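Counting from 1 along the sequence shown, just add 1 to a position and that's the residue number in the working numbering.
Cβ atoms here follow ideal geometry from the backbone N, Cα and C, with glycine treated the same way.
Remember, predicted model here, so these are calculated numbers, not experimental data.
Here the structure comes first, spelled out in structure tokens, and everything after it is commentary.
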Amino acid sequence: MKSLISSGVVSLVLLASASASAAVCVQVDEARDNLDPAERTAVKTMVEESLRGQNQSVSDANCDTTYKIYSLRLGNSVTANISGPNGSKSQKASSIEELPETYDQLTRSLLNGETGSTTTAGVNRHNVTKQQAVQRRIVADNLWFLRLGYGAVAGGDIASGPAFGLGYRYELDQLGIEISTLNIVAATDGSSDDGLGVSASWIRLGGLYFFNPVANHSAYLNVGLSWGTSASRSQYQGESYIYSGSGIQGEIGGGYEFLRASTIRMFVEANAVLPFYTSSIDWSIVDDSIYTPTFTISLGVGYGSSNRSAVEIY
Numbered sequence: 002m003k004s005l006i007s008s009g010v011v012s013l014v015l016l017a018s019a020s021a022s023a024a025v026c027v028q029v030d031e032a033r034d035n036l037d038p039a040e041r042t043a044v045k046t047m048v049e050e051s052l053r054g055q056n057q058s059v060s061d062a063n064c065d066t067t068y069k070i071y072s073l074r075l076g077n078s079v080t081a082n083i084s085g086p087n088g089s090k091s092q093k094a095s096s097i098e099e100l101p102e103t104y105d106q107l108t109r110s111l112l113n114g115e116t117g118s119t120t121t122a123g124v125n126r127h128n129v130t131k132q133q134a135v136q137r138r139i140v141a142d143n144l145w146f147l148r149l150g151y152g153a154v155a156g157g158d159i160a161s162g163p164a165f166g167l168g169y170r171y172e173l174d175q176l177g178i179e180i181s182t183l184n185i186v187a188a189t190d191g192s193s194d195d196g197l198g199v200s201a202s203w204i205r206l207g208g209l210y211f212f213n214p215v216a217n218h219s220a221y222l223n224v225g226l227s228w229g230t231s232a233s234r235s236q237y238q239g240e241s242y243i244y245s246g247s248g249i250q251g252e253i254g255g256g257y258e259f260l261r262a263s264t265i266r267m268f269v270e271a272n273a274v275l276p277f278y279t280s281s282i283d284w285s286i287v288d289d290s291i292y293t294p295t296f297t298i299s300l301g302v303g304y305g306s307s308n309r310s311a312v313e314i315y
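In structure tokens form, the structure reads like this:
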């Protein structure tokens, strides 16, 4: 019996010793920290309380793990920094009053072993900052444009003529969207009535991909869908007829945009309109159909605004 009691006492002593050795400490890097001494002490206490709230045994000595912290104030904002055995994290707080929530996010992120540039794993319903609650977004470039060029309607008797269109682009650095209307090719080769064709994309929605996203000039790819119509004059059994059709069209193009750092833009683009339908003669006359793709090259000029801002968590 005495042996069992002695063994139990030894076990408790060993557990207490292990618990003491597993304690964590918080240390302020005063060489980097630029807060006032009283503020440093308050921040250190906040971090310790955050660790205790996550079932960590916090002590001032005999620590198995040490978390080093420092805060850098610039104007009203303060950048919180913490490092430990799982790495280091930094996050900007909009004011010193938000440091408790910010450091709580950072400690939770480190303890969860999260890697990467954000502290998503450290956010909960009680430590969200004002800046995160009202999230700011990168504001894209807004651009209204007019394009003029030359195009050809194929499939029947190939006819060519002027092309034009109106549209709007909403651009990030590498990606963008385009909504355009009245993309019309009025094609005639001028030699006879046989060389006549019209193609129109009445409404078009497309996506842009810029190959050199931060440069002032960049090549890009433009892919989209449109609803439109086409008409082309062609020969059938020695007679000339108008073939027409309407429906969904696929569009693919490539171009080069200039002056991306400016509110005034210019671009050159080659585009192919590929209908998902065929054009036919009035069925009461004759049953025949042809495929009428359209090809254009155009110069676009646009004007818009560029107003970019972002919240950085790293």
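What are the residues that DSSP puts in a beta bridge with residue i?
i, result
"MET267", "PHE259 and VAL302"
"ASP362", "Residue 362 lies beyond the range of the chain shown here (2 to 315); nothing can be said about it."
"ASN184", "SER202"
"GLY123", "According to DSSP, which records beta bridges pairwise, GLY123 is partnered with nothing at all."
"PHE211", "TYR221"
With residue i as the anchor, note down where its alpha helix (DSSP H) starts and where it stops.
i, result
"TYR104", "100-112"
"SER51", "38-53"
To the nearest angstrom, how far is the alpha carbon of residue i from that of residue j?
i, j, result
"ASN184", "SER202", "5 Å"
"GLY54", "ILE83", "17 Å"
"PRO214", "VAL79", "31 Å"
"ASN87", "GLU50", "19 Å"
"PHE146", "GLY305", "9 Å"
"VAL44", "ALA262", "42 Å"
"LEU73", "LEU107", "15 Å"
"TYR278", "LEU209", "25 Å"
"GLU31", "ALA39", "12 Å"
"LEU111", "LEU36", "23 Å"
"ALA94", "VAL25", "25 Å"
"ARG234", "ASN272", "22 Å"
"TYR242", "PRO276", "20 Å"
"PHE211", "TRP228", "25 Å"
"TYR221", "GLU258", "7 Å"
"ALA232", "ILE204", "17 Å"
Provide the residue span of the beta strand (DSSP E) that contains residue i, from first to last.
i, result
"ALA81", "78-85"
"SER89", "88-94"
"VAL224", "219-237"
"VAL27", "25-29"
"TYR71", "66-75"
Taking residue i and residue j to be in contact with their CB atoms under 8 Å, please state how far apart those CB atoms are, rounded to whole angstroms.
i, j, result
"LEU260", "ASN217", "7 Å"
"ASN223", "GLY207", "5 Å"
"GLY255", "GLU270", "7 Å"
"PHE296", "ALA188", "Not quite, the Cβ-Cβ distance comes to about 10 Å (not below 8 Å), so this is no contact."
Next on the checklist: If contact is defined by three or more beta carbon pairs under 8 Å, each pair taking one atom from either stretch, is the segment 91-104 in contact with the segment 55-63?
Outcome noted: no
Item to check | Validate contact between the segment 246-259 and the segment 145-165 using beta carbons, cut 8 Å, 3 pairs | outcome: no
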